[in-house]
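Asker: Counting in full-length UniProt numbering, the sequence shown runs from 1 upward without gaps.
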Amino acid sequence: MDISNAVTHALVWLDQYPAVQGVAEGRYHAKPCITVFSTDKATATLLPKTFKGFRVVVDSGGEFLPASGP
């Protein structure tokens with residue numbers, strides 16, 4: 001399975017976590033990974049370290065907000 005398919009599959013099961021804001025393909029030590037954007041740090045403890053052979057990296061930077069204009 002390639003990283004794009006793994007991210008697509010991850011979207012299905014990550015939808016059950018309310019704090020998850022999004023999922024994307026990322027890089028961890030120059031290797032493809034599944035990046036999970038979360039509103040809290042506790043979510044990281046609930047998720048597996050790997051999924052479909054790819055590392056799961058949680059970015060708990062907070063809620064996604066619209067960008068302000070110029």
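Ideal placement from N, C-alpha and C gives every residue a C-beta, glycine not left out.
#1: In whole angstroms, what separates the C-alpha of T43 from that of V56?
#2: Starting from residue 80, trace the beta strand (DSSP E) both ways and give me its first and last residue.
#3: How would you call G53, buried or exposed, if buried means at least 16 neighbouring beta carbons within 10 angstroms?
#4: My guess is that Q21 and S38 are in contact by the Cβ rule of under 8 Å, so how many angstroms apart are they, rounded?
Answerer: This is what the structure gives:
#1: 12 Å
#2: Since the first residue shown for the chain is 1 and the last is 70, residue 80 is missing from the structure and cannot be characterised.
#3: exposed
#4: 7 Å
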